[in-house]
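Undergrad: Line by line, the protein sequences give chains A, E and U.
Residue numbering for the first sequence is 2 to 301, as defined by the working numbering.
Residue numbering for the second sequence is 1215 to 1579, as defined by the working numbering.
Residue numbering for the third sequence is 12 to 310, as defined by the working numbering.
Glycine residues also receive a C-beta, built at the ideal position from the N, C-alpha and C atoms.
Nothing here was measured: the structure is a model prediction, and the numbers come from that model.
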Amino acid sequence: MPNKRPFAPLRNFNAKVAAVPMIATVLVVFVGCTLWTVVYSFTSSRSLPVLDFVGFDQYERLFRTTRWNVALKNLAIYGVLSLVFSLVIGFILAALMDQKIRFENTFRTIFLYPHALSFIVTGLAWQWILAPTFGIQKVVRDLGFETFEFSLLTNSRYTIYAIVIAGLWQGTGLVMALMLAGLRTVDDEIWKAARVDGIPAWKTYVFIIIPMMRPVFVTTLVIIAAAIVKIYDLVVAMTNGGPGIASEVPAKYVYDLMFSRGNLGQGLAASTIMLTTVLIILVPWALMEFRPTNRKGGAK
Amino acid sequence: MMPVHSVSIKDLAVSFGSVDVLKDLNLDIADGEFLVLLGPSGCGKSTLLNCIAGLLDVSEGQIVIKGKNVTWDEPKDRGIGMVFQSYALYPQMTVEKNLSFGLRVAGLPKEEIAKRVAAAAEILQIGPLLQRKPGELSGGQRQRVAIGRALVRDVDVFLFDEPLSNLDAKLRSELRVEIKRLHHKLANTMIYVTHDQIEALTLADRIAVMKGGLIQQLDEPLTIYNKPRNLFVASFIGSPAMNFLKGEIVTQGAAPAFRSGDFVVSLDGYESQEPLTDGAEVIFGFRPEHVSINDTPGPADRSCAASVDIEEPMGSDSLIWLKIAGKPASVRTEAGRRFKPGDNVWLTFNPAMASVFDANTENRI
Amino acid sequence: MSTRPSIGEPRGRKPKRFLSPASIMIYGILIVAAIYYLVPLYVMIMTSIKGMPEIRLGNIFSPPVEVTFQPWVTAWNSACTGLSCEGIKVGFFNSMKILIPSVIISIIVASVNGYALSNWRFKGSEFFFTALIFGAFIPYQVMLYPLVIITRELGIFGTLTGVIVIHTIFGMPILTLLFRNYFVSLPPELFKAARVDGAGFWRIFLQIMLPMSVPIFVVAVILQVTGIWNDFLFGVIFAGTKNFPMTVQLNNIVNSTQGVKEYNVNMAATILTGAVPLLVYFFSGKYFVRGIAAGAVKG
């Protein structure tokens, strides 16, 4: 940005040079590429991008496609279940970890290690455990329960739940760590005051601590939600969208349309829908979070 | 018949692992007394308060409140209310809910709760704030609400854990007076932890000066100030601090005197607890305001010449720094008098107001 | 009535039941949860050291009757991806080739940028920073195709350079946030004193800020090593077939439809792929937690 004061551009020259990659990333990638995608989603592009505007045609076709609707439905199921369970389980684990327990570090290490793994590794591990002919189903049947049914991966109605289980395994530790960090910021004297007031521990959590941790919950929620929309590798590794199209998700659908099936217009429209979903989550949060100050503009 | 003590602490000890925080502590607090626990950080004063509150388990000994042994009781069953340094208000609740939450959990009838909240709000003048949240209040208002939360519990014993430390100097002195007024009005027992000696001196009926997990001295404020029982209490209390000179006891005429090098001052009039034996190594302590500074010599046995090092005018009075027996010492004088470095003056001591400590045991003699 | 009960009554430490219902519940839940978290790792390891006949007959939870490390050797050296049978080692070295330059470049760029944003703000710098953070939330799918076009035009599509540039770009938001927040937390007097002493942009960065920033660089390295190693999407699109990283190779080995499935080899390959971030995690616990927590800190 040019500065009107005579020597200022020179004085801040180094800082501006240092910020060039950031400015380029923002302008070219985040703004430029996103706009490009949105604009071309309104064209009739197929295997190559062409600037031939067709209005909402691509979107109308998209929402008439069974596979896309399955993908959206799966994302909704996966999203709601992941959010609810990871927040609830994550908070409960964090609250238990906060009871001055022994072996806290051991427990934390165990709960968090899946988060260090690739979704591909997680997906393949759970694919193996849930494999009907070798995994849990077979183990229980071998114990004598001949009719035991636990074939999430082959029964197309339940495949998405298998992905939820694997996703929770990988992600809940992170929520626990964030919640625990939040709990640790609660002033010790609040707990003391509650004890003097004779408030039982669970009521202290429900009526005092959780309301105090609202910002932590909101931030965690936004982070998980943004990650949920991106869910891709886990599905590729675990089911590759199958059986059939049963565990299709939007991110994978977009990838397939763009890079294997050469239907660019559909892919771009689908990815624009993904963007819209994220904005619906992000904008209210941003308005809430950055409302009070933080709007000072450029510093001198 | 012995009076019923409000709070009695018997042979109390607290240790965390191998660290002894409190040792063999005995303390009786009378009904309606304002007791201040005073000491530097880490002296065990907050630990003691937390034990009385039941927020910390004791390792040894007993705690009795209003004749009831509460050593193993939960805080809520001890008949205490507590005010914290960080206020510890529940941030998402209005002032009214903050005051009433504990009562509602305890299942008190609605009218009773409303009555108590109204009474507390009246006493603390926080009526207009009842519907606000703590975040919208100033520090002083928050602390008033915190006191209110203890007030509505309708208890006999109030515990304060450094309640004014988070406030700025002006608010601190205002609230100090209010707490004192509150004590006069309610006349219940208050135990107050602070590291601020001014708070201790102004508020307390009695002060317990603590160090290293032990009570060093338990007395009325003026006794603590004028007759500190050992060197630690003497140096901890008083601002500007007491002056100390190391020397020995000599006999001057019929009376004992203190000598350090050429400096000799009579101890005639000093109420010693033990005989002052000739040649005993002692530390002579005197407060800056207990020395007068003159242009002419005073009585020969308690007077000496000195030259001014520097002056510190403080508005209400002035502190003059000079050297006595080669050691820097301070003397307080009226605000109007001015001194220049190098001025020669005469100092006159008041043995009755001095303190003499054994140089080895550091106890008052 | 004596105010000092000398004996009897409660005195001393409050007796605690060794196993109170509350602590049984707390440890019970934690242990059950820990088992849930550990089972997949256990199953993977057990499967990887069994022979195929034993896998077909036995159960996935039972320890091996006969321990064999052949699956690990096969996984490393000769597992087939559908294209070739050179094992997961190809992916391992590809991942290293992607990882090392990506980590170094992305951290240099982001640390200098974070430093500029904290100490040398200029008109618009805060705006771009906010935009950068918001950019982190845009699904990659939205930007993928235009990026393919751009990299193709630059001639780096399907090359190591291409995937390194992509990692640098998408690592920038979180790393810049991390560094900026860290530099902001340093005492500003330090920066002012250095400026009064006449030090400039780079001298202050290299001689004052860097020596104080070792912990945050450790956090950044951990964040990037695990993040880039675990990447699948960028590798599969931008790296080109011969540079496929380990995650892509792994997926190709396990999910390839040709030949007989060798589950023990698959699990060995899976563990090998997870080993690098797991080792980083186990040796850096505290810093790892700081790294993921940094993502939750608002800018």
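#1: I'd like to know if Pro-21 of chain U contacts chain E, where contact means its C-beta is closer than 8 angstroms to some C-beta of that chain.
#2: Should Leu-158 of chain U be labelled buried (16 or more other beta-carbon atoms within 10 Å of its own) or exposed?
#3: Rank E:His-1397, E:Gly-1341, E:Phe-1298 by C-alpha distance to the C-alpha of Asp-1245 of chain E and give the top, closest one.
#4: If the cut is a Cβ gap below 7 angstroms, which residues of chain U does Leu-82 of chain A touch?
#5: Nearest by alpha-carbon distance to Val-1331 of chain E: which of E:Ala-1320, E:Gly-1362, E:Pro-1489 is it?
#6: Tell me, please, whether the region 66-76 of chain A touches the region 216-224 of chain A by the rule of three or more beta-carbon pairs shorter than 8 angstroms.
#7: Which residues bound the alpha helix (DSSP H) around Ile-35 of chain U?
#8: Take Asn-266 of chain U as the anchor and find which of A:Phe-57, A:Met-180, A:Thr-155, A:Asn-241 has the nearest alpha-carbon.
#9: Measure from the C-beta of Leu-1351 of chain E to each C-beta in chain A and report whether the shortest distance is under 8 angstroms.
#10: Out of curiosity, what's the CA-to-CA distance linking Arg-1395 of chain E and Gly-1353 of chain E?
#11: Identify the residues that DSSP records as bridge partners of Phe-1458 of chain E: which are they?
#12: Please list, in chain order, the residues of the region 184-211 of chain A that have any C-beta partner in chain U closer than 8 angstroms.
#13: Below 8 angstroms on C-beta distance, what does Gly-213 of chain U contact in chain A?
#14: Check whether the Cβ atoms of Phe-194 of chain U and Val-123 of chain U lie closer than 8 angstroms to each other.
#15: What are the uninterrupted segments assigned as beta strand (DSSP E) that are 3 or more residues long and contained completely in the region 1400-1485 of chain E, given in chain order?
#16: Hey, how far is the Cα of Ser-48 of chain A from the Cα of Leu-258 of chain A?
#17: In the DSSP assignment, find the unbroken alpha helix (DSSP H) run with Leu-290 of chain U in it and report its ends.
#18: Using 10 angstroms around the beta-carbon of Glu-61 of chain A, count the other beta-carbons present and answer buried if the total reaches 16, otherwise exposed.
#19: In this structure, how does DSSP classify Ala-300 of chain A when only helix, strand and coil are distinguished?
#20: If you draw a straight line from the alpha carbon of Trp-129 of chain A to that of Ile-175 of chain U, how long is it in whole angstroms?
#21: Taking C-alpha atoms, which residue in E:Pro-1435, E:Ser-1453, E:Phe-1446, E:Leu-1417 lies nearest to Met-1428 of chain E?
#22: Output the boundary residues of the beta strand (DSSP E) element that contains His-178 of chain U.
#23: CA-CA distance, Val-1221 of chain E and Leu-1373 of chain E?
#24: Could you pull out every residue in the same chain whose Cβ sits closer than 8 angstroms to the Cβ of Glu-1288 of chain E, ignoring the five residues on either side in sequence?
#25: Pick from A:Thr-123, A:Ser-152, A:Ala-227, A:Val-27: whose alpha carbon is nearest that of Leu-1 of chain A?
#26: Quick one: what's Cys-1518 of chain E bridged to in DSSP?
#27: So what's Gln-1276 of chain E in DSSP terms, helix, strand or just coil?
#28: Does the CB of Asn-317 of chain U have a neighbour CB from chain A at under 8 angstroms?
#29: Kindly indicate the opening and closing residues of the alpha helix (DSSP H) around Asp-58 of chain A.
#30: Which chain A residues are close to Lys-1290 of chain E, counting only those with a beta carbon under 9 angstroms from its beta carbon?
#31: What residue range does the beta strand (DSSP E) around Lys-25 of chain U cover?
#32: Is the CB of Ala-1267 of chain E under 8 angstroms away from at least one CB in chain A?
#33: Please list the partners that Met-183 of chain U has in chain A, where partner means a Cβ-to-Cβ separation under 8 angstroms.
#34: Of all the options U:Phe-140, U:Arg-67, U:Gly-39, U:Leu-30, which has the alpha carbon lying nearest to the alpha carbon of Val-271 of chain U?
#35: Report yes if the C-beta distance between Gly-182 of chain U and Ala-121 of chain U is below 8 angstroms; otherwise report no.
#36: Return the bridge partner residues of Pro-216 of chain A from the DSSP annotation.
TA: In terms of the structure at hand:
#1: Counted from its first residue, the third sequence places residue 21 of chain U at position 10. Judged by the 8 angstroms Cβ criterion, Pro-21 of chain U is in contact with chain E.
#2: Position 147 of the third sequence, counted from the first residue, corresponds to residue 158 of chain U. Buried is the call here.
#3: One-based indexing of the second sequence puts residue 1245 of chain E at position 31. Asp-1245 of chain E has its Cα closest to that of E:His-1397, out of E:His-1397, E:Gly-1341, E:Phe-1298.
#4: By 1-based counting over the first sequence, the position of residue 82 of chain A is 81. Correct list: empty, because the minimum Cβ distance to chain U is about 16 angstroms.
#5: On the second sequence, residue 1331 of chain E is found 117 positions in, with the first residue counted as 1. For the residues E:Ala-1320, E:Gly-1362, E:Pro-1489, the minimum Cα distance to Val-1331 of chain E belongs to E:Gly-1362.
#6: no
#7: Numbered from 1 along the third sequence, position 24 holds the residue referred to as residue 35 of chain U. Here the alpha helix (DSSP H) through Ile-35 of chain U covers 32-59.
#8: Counting from 1 along the third sequence, the entry for residue 266 of chain U is found at position 255. The shortest C-alpha separation from Asn-266 of chain U is found at A:Asn-241.
#9: The residue labelled residue 1351 of chain E in the question sits at position 137 within the second sequence. For Leu-1351 of chain E, the answer is no, since every Cβ of chain A falls outside 8 angstroms of its Cβ.
#10: For the purposes of this step, residue 1395 of chain E is taken as residue 181 along the second sequence, with counting starting at 1. For the purposes of this step, residue 1353 of chain E is taken as residue 139 along the second sequence, with counting starting at 1. Using only the alpha carbons, I get a separation of about 19 angstroms.
#11: In the second sequence, residue 1458 of chain E corresponds to position 244, counting from 1. DSSP lists E:Gly-1499 as partners of Phe-1458 of chain E.
#12: Correct list: empty, as no residue qualifies.
#13: Residue 213 of chain U sits at position 202 when you count from the first residue of the third sequence. According to the sequence provided, residue 213 of chain U is Trp. The question's Gly does not apply to it. Near Trp-213 of chain U (Cβ distances below 8 angstroms), the residues of chain A are Asn-15.
#14: Residue 194 of chain U sits at position 183 when you count from the first residue of the third sequence. Residue 123 of chain U sits at position 112 when you count from the first residue of the third sequence. Taking the C-beta atoms as reference points, Val-123 of chain U is found no nearer than 8 angstroms to Phe-194 of chain U.
#15: 1403-1408, 1420-1425, 1428-1433, 1457-1466, 1469-1474, 1477-1480
#16: For this step, residue 48 of chain A is matched to residue 47 along the first sequence. For this step, residue 258 of chain A is matched to residue 257 along the first sequence. Rounded to whole angstroms, Ser-48 of chain A to Leu-258 of chain A spans 9 angstroms at the Cα level.
#17: As a first step, residue 290 of chain U is located in the third sequence; it is residue number 279 there, counting from the start. Element bounds for Leu-290 of chain U: 274-294.
#18: Mapped onto the first sequence, residue 61 of chain A falls at position 60. Classification for Glu-61 of chain A: exposed.
#19: Counting from one through the first sequence, the residue named residue 300 of chain A turns up at place 299. Bear in mind that the predicted position of Ala-300 of chain A carries a pLDDT of just 33, short of 50, making it unreliable; the figure below should be weighed with that in mind. Reduced to three states, the DSSP call for Ala-300 of chain A is coil.
#20: Here the question's residue 129 of chain A lines up with position 128 in the first sequence. Here the question's residue 175 of chain U lines up with position 164 in the third sequence. Computed Cα separation, rounded: 32 angstroms.
#21: On the second sequence, residue 1428 of chain E is found 214 positions in, with the first residue counted as 1. The amino acid at residue 1428 of chain E is misidentified as Met; the sequence shows Leu. Nearest C-alpha to Leu-1428 of chain E: E:Phe-1446.
#22: Within the third sequence, residue 178 of chain U is the residue found at index 167, counting from 1. Taken as a continuous stretch (DSSP letters only), His-178 of chain U belongs to no beta strand (DSSP E), being part of the alpha helix (DSSP H) at 171-196.
#23: Translated into the one-based positions of the second sequence, residue 1221 of chain E becomes position 7. Translated into the one-based positions of the second sequence, residue 1373 of chain E becomes position 159. Val-1221 of chain E and Leu-1373 of chain E: Cα-Cα distance of roughly 11 angstroms.
#24: The residue given as residue 1288 of chain E occupies position 74 in the second sequence. Around Glu-1288 of chain E: Gly-1268.
#25: Outside the shown range of chain A, which is 2 to 301, sits residue 1 of chain A, and nothing can be said about it.
#26: Locating residue 1518 of chain E in the second sequence gives position 304, where the first residue counts as 1. DSSP, once it has assigned bridges, lists E:Leu-1561 as partnering Cys-1518 of chain E.
#27: If you number the second sequence from 1, residue 1276 of chain E lands on position 62. Strand.
#28: Nothing about residue 317 of chain U can be read from this structure; chain U reaches only from 12 to 310.
#29: The count along the first sequence starts at 1 and reaches residue 58 of chain A at position 57. That run of the alpha helix (DSSP H) goes 58-63.
#30: As a first step, residue 1290 of chain E is located in the second sequence; it is residue number 76 there, counting from the start. The answer, in chain order, is Arg-196, Val-197, Asp-198, Gly-199, Ile-200.
#31: Numbered from its first residue, the third sequence carries residue 25 of chain U at position 14. Run containing Lys-25 of chain U: none; DSSP gives neither H nor E here.
#32: Position 53 of the second sequence holds residue 1267 of chain E. So, interface residue.
#33: For this step, residue 183 of chain U is matched to residue 172 along the third sequence. Ordered by position in chain A, the residues that pass the 8 angstroms Cβ test against Met-183 of chain U are Pro-22, Met-23, Thr-26.
#34: Within the third sequence, residue 271 of chain U is the residue found at index 260, counting from 1. Here the closest residue by C-alpha is U:Arg-67.
#35: Indexing the third sequence from 1 puts residue 182 of chain U at position 171. Indexing the third sequence from 1 puts residue 121 of chain U at position 110. In contact: Gly-182 of chain U and Ala-121 of chain U (Cβ atoms closer than 8 angstroms).
#36: Taking the first sequence and counting its residues from 1, one reaches residue 216 of chain A at position 215. Checking the DSSP bridge columns, you'll see Pro-216 of chain A has no partner listed.
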